[in-house]
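**Q** So the sequence shown is residues 3 to 225, counted in the working numbering.
Note that the Cβ used here is the ideal one computed from N, Cα and C, for glycine as well.
Quick caveat, the model's predicted, so the values are computed rather than measured.
I have a structure here, written as structure tokens, and I will follow up with some questions on it.
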Amino acid sequence: MQEMDASDVVRTDVEIPMGSVRLSGTLSLPQDAHGVILFAHGSGSSRTSPRNVYVSQVLVAAGFGTLLFDLLTVEEDRVYATRFDIALLSERLAGATAWLLRAGRTPAALPLGYFGASTGAAAALVAAARPDTSIGAVVSRGGRPDLAGGEALARVTAPTLLIVGGEDRAVIGMNRDAQSLMCCVTELRIVPGATHLFEEPGTLEAVATLASRWFARWLGSAP
């Protein structure tokens with residue numbers, strides 16, 4: 003199903019074939035988009051994560067297309083260990099990226115970025131470390147980049163922004179350790195007063211602003 007809203011954004015419900023399964027998603031493309039951001043949600047979440055949906059809306063308003071999709075099927079998500087299978091999650095993200103790049107999915111030559119949350123950030127970094135990657139920038143929200151492993155982190159070439167809540171102290175340390183293993187351009191930004199889910203007033207807005215600026219910086223901004 004495809005629809006156009008008042009701001010000239012085409013939103014399409016999609017089914018992404020992934021081996022023996024199909025993953026549901028929503029592709030949003032504003033008119034004259036200057037990049038597309040693929041979202042990788044965290045464990046126990048889905049494409050309907052209210053936090054990722056909000057960030058997606060901000061990015062679309064800034065002129066970026068977004069693809070929010072389920073990394074796992076309903077049946078797979080019932081298995082706790084599968085939620086933390088970073089190898090599987092990164093394969094799904096890479097597969098969705100390849101699907102998006104096929105003819106007709108998006109305008110030709112649009113730069114791509116990843117936005118990962120929690121375990122999804124690890125999947126995004128592993129996918130961005132692939133030798134055939136076409137990813138131009140990565141943003142992690144409350145991420146667990148440590149789960150990507152040192153070898154993958156060292157291979158990431160896309161400029162990477164790590165956003166962590168100021169009250170999420172254990173994850174701050176994990177992000178600092180991961181950042182020390184990365185050779186690409188990286189920044190660690192700490193949002194004061196925010197816990198892991200950025201539920202405090204104004205904190206998610208800060209995440210969306212930081213992400214929008216990062217993608218505009220590395221993927222290009224609207225005319």
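1. T19: buried (16+ other C-beta within 10 angstroms of its C-beta) or exposed?
2. Between the C-alpha atoms of G145 and Q33, what's the straight-line distance to the nearest angstrom?
3. What span of residues does the beta strand (DSSP E) with Y116 cover, start to end?
4. Tell me which residue opens and which closes the alpha helix (DSSP H) that A196 is part of.
5. In the DSSP output, what is G167 paired with across the bridge?
6. When you compare only the Cα positions, how much space is there between R191 and A35?
7. Pick helix, strand or coil for A111, following the three-state DSSP scheme.
8. Is the stretch 55–63 touching the stretch 122–136, taking contact as three or more C-beta pairs under 8 Å?
9. Quick one: grab the DSSP three-state call for M3.
10. Can you name the residues that DSSP bridges to F41?
11. Would you give the residue range spanned by the beta strand (DSSP E) that T28 belongs to?
12. Whole angstroms are fine: how far does the CA of R13 sit from the CA of E5?
13. Tell me, to the nearest whole angstrom, how far the beta carbon of G122 is from that of L91; I am working on the premise that it is less than 8 Å.
14. Does the Cβ of G67 have 16 or more other Cβ atoms within 10 Å, making it buried, or fewer, making it exposed?
15. Over the uninterrupted beta strand (DSSP E) stretch that includes A139, give me the two end residues.
16. Where R104 and D170 are concerned, what is the direct C-alpha to C-alpha distance, given to the nearest angstrom?
17. What distance in whole Å lies between the Cβ atoms of A150 and L127, which are believed to be in contact at a cut-off of 8 Å?
**A** So, to answer that:
1. In the sequence shown, residue 19 corresponds to position 17, counting from 1. Looking at the sequence shown, residue 19 is not Thr but Pro. Exposed is the call here.
2. The count along the sequence shown starts at 1 and reaches residue 145 at position 143. The count along the sequence shown starts at 1 and reaches residue 33 at position 31. Approximately 31 Å, taken between the alpha carbons.
3. Locating residue 116 in the sequence shown gives position 114, counting from the first residue. Here the beta strand (DSSP E) through Y116 covers L114 to A119.
4. Indexing the sequence shown from 1 puts residue 196 at position 194. Looking at the DSSP string, A196 is not in any alpha helix (DSSP H), and its letter there is neither H nor E.
5. Looking up residue 167 in the sequence shown gives position 165. G167 pairs with V193.
6. Within the sequence shown, the letter at position 189 stands for residue 191. Within the sequence shown, the letter at position 33 stands for residue 35. Distance between the alpha carbons of R191 and A35: 26 Å.
7. Taking the first residue of the sequence shown as position 1, residue 111 is located at position 109. It is coil, neither helix nor strand.
8. The answer is no - the stretch 122–136 does not touch the stretch 55–63, with fewer than three Cβ pairs under 8 Å.
9. In the sequence shown, residue 3 corresponds to position 1, counting from 1. Bear in mind that a pLDDT of 43 at M3, under 50, signals an unreliable position, so the number given afterwards is only what the model happens to contain. Looking at M3 - three-state DSSP - the assignment turns out to be coil, as it is neither helix nor strand.
10. Here residue 41 corresponds to residue number 39 of the sequence shown, with the count starting at 1. Looking at the DSSP assignment, F41 forms a beta bridge with L70 and F117.
11. As a first step, residue 28 must be located in the sequence shown, where it is residue number 26. In the DSSP assignment, T28 falls within the beta strand (DSSP E) that extends over V23 to P32.
12. Numbered from its first residue, the sequence shown carries residue 5 at position 3. Numbered from its first residue, the sequence shown carries residue 13 at position 11. Only weak support is given to the placement of E5: the predicted model assigns it a pLDDT of 44, under 50, and the value that follows is read from those uncertain coordinates. Cα to Cα, E5 sits roughly 5 Å from R13.
13. What you label residue 122 is simply residue 120 of the sequence shown in a count that begins at 1. What you label residue 91 is simply residue 89 of the sequence shown in a count that begins at 1. Yes, they are in contact, since the Cβ atoms of G122 and L91 sit about 7 Å apart, within 8 Å.
14. Reading the sequence shown from its first residue, position 65 is the one you call residue 67. Burial call: buried.
15. Sequence index remark: in the sequence shown, residue 139 carries index 137 (1-based). Segment I137 to R143, the beta strand (DSSP E) holding A139.
16. Counting from 1 along the sequence shown, the entry for residue 104 is found at position 102. Counting from 1 along the sequence shown, the entry for residue 170 is found at position 168. Taking the straight line from one Cα to the other gives about 39 Å.
17. Here the question's residue 127 lines up with position 125 in the sequence shown. Here the question's residue 150 lines up with position 148 in the sequence shown. Between A150 and L127 the Cβ distance is about 4 Å, and since that is below 8 Å, they are a contact.
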